[in-house]
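Each residue of the sequence shown is one higher than the one before, counting from 76 in this note's numbering.
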Amino acid sequence: MILPMPFIDEIERELAEATERLLATAARLTDEDLRAPSLLPGWTRGHVLAHVARNADSYVNLLTWARTGVRTPQYASARAREAGIEAGAGRRPGEQLADLRDSAERFAAAAGRMPAEAWTAPVSGMNPPDHPAWYVPIRRLREVEVHHADLGAGYGWADWPETYVRRELYDTMLWLGDECPVGEVVALDPGTGRVLRTWTGLGDGPVVEGTPRELVAWLAGRTDGAGLRLTSPRGHLQQAGTLPSPPPWPKPSPAGLPAEPPSSWPPADN
76 MILPMPFIDE IERELAEATE RLLATAARLT DEDLRAPSLL PGWTRGHVLA HVARNADSYV
136 NLLTWARTGV RTPQYASARA REAGIEAGAG RRPGEQLADL RDSAERFAAA AGRMPAEAWT
196 APVSGMNPPD HPAWYVPIRR LREVEVHHAD LGAGYGWADW PETYVRRELY DTMLWLGDEC
256 PVGEVVALDP GTGRVLRTWT GLGDGPVVEG TPRELVAWLA GRTDGAGLRL TSPRGHLQQA
316 GTLPSPPPWP KPSPAGLPAE PPSSWPPADN
């Protein structure tokens, strides 16, 4: 039985709001701004915006695959992906903005054409694991939020919505598993400092504690871990040492997602 779609509707609403925030930032960027370095090594802001636009089209491919049953790769190849980004990186501000808006509208239209049963279809990104199509809008939301911050143009990881942060930490911890560079991760309430959730049995190493936002930003490689603290497994503060580098982030999706769209994600009891 295919469940109702309120969860898909909610993700699409979050995505529409995130896209409008990104478009508002992009609309303020000048030629000089676009040629300036982004926070991603080797990429200008123009590269970041071109990537976000081509990413939208790549996810249209995955939704088309799910809807039609005809295998439609996310990108023709890694080389084609890189070529698309380079081709768009040097455009003028008006062209960048129009492409960003038009590609986002194409994705929204593709999502709107999805029959309920198509959201259960498995699709494959450029890297494993496969995942059901309902996870594609979550992937797109991640791209918009993270790369908006990567522009270094006034919107940062501190501005990510709480719902996004909560979902992203949950998913990141699902796919890290024994690849985690620390042994335990403890999420703390930013207001009270109380423990919200603890993940144990991860890799070798110390315990890292911090707010969900600080943890996500570090695990995503967007900070050096400022605000986090290391403790020993017995709870004593580490006397020395720095946070290890997190593993490559993100994977396309956690493994073992339910085929049918859930009523909420993360599940209500997480």
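Glycine residues also receive a C-beta, built at the ideal position from the N, C-alpha and C atoms.
key: C-alpha gap between alanine 186 and aspartate 84, whole angstroms   = 10 Å
task = Enumerate, from N- to C-terminal direction, the unbroken beta strand (DSSP E) stretches of 3 or more residues contained entirely within the stretch 298 to 342.
result = 304 to 306
ask   = Expressed to the nearest angstrom, what Euclidean distance is found between the alpha-carbon atoms of leucine 216 and threonine 317?
value = Cα to Cα, the separation comes out at about 31 Å.
ask   = What does glycine 285 pair with, by DSSP beta-bridge criteria?
value = According to DSSP, glycine 285 bridges with Ala262.
ask   = How many Å lie between glutamate 92 and proline 325 at the Cα?
value = 22 Å
request  = Can you say whether methionine 201 is buried or exposed, counting buried as having 16 or more other CB atoms within 10 angstroms of its CB?
outcome  = exposed
message = Between which residues of its own chain and alanine 301 is the CB-CB distance below 8 Å, once the five residues before and five after are set aside?
response = Leaving aside the five residues that flank alanine 301 on each side, the residues in its chain whose CB is nearer than 8 Å to its CB run, in chain order, Glu289.
request  = State the DSSP-derived secondary structure class of arginine 167, mapped to helix, strand or coil.
outcome  = coil
ask   = Mapping DSSP to helix, strand and coil, what is leucine 271?
value = Assigned with DSSP and collapsed to three states, leucine 271 falls in strand.
Straight-line Cα distance separating proline 190 from arginine 297 = Straight-line Cα distance between these residues: approximately 36 Å.
key: Bounding residues of the alpha helix (DSSP H) (the contiguous stretch that carries proline 81)   = 81 to 102
ask   = How do the stretch 130 to 145 and the stretch 199 to 214 stand: do at least 3 beta-carbon pairs fall below 8 Å, yes or no?
value = yes
inquiry  = Going by the DSSP bridge assignment, what does threonine 119 pair with across the sheet?
reply    = Pro112
query = With a CB to CB cut of under 8 Å and the five nearest residues on each side skipped, what residues in its chain are close to alanine 315?
reply = Note that alanine 315 scores a pLDDT of 45, beneath 50, so its modelled location is shaky; the value from the coordinates is reported in the next line. If the five residues before and after alanine 315 are omitted, its C-beta is found closer than 8 Å to no C-beta atom of its own chain.
Bridge partner(s) assigned by DSSP for valine 211 = Answer is none; valine 211 lacks a bridge partner.
query = Less than 8 Å separating the beta-carbons of glycine 163 and alanine 196?
reply = Not in contact: glycine 163 and alanine 196 (Cβ atoms no closer than 8 Å).
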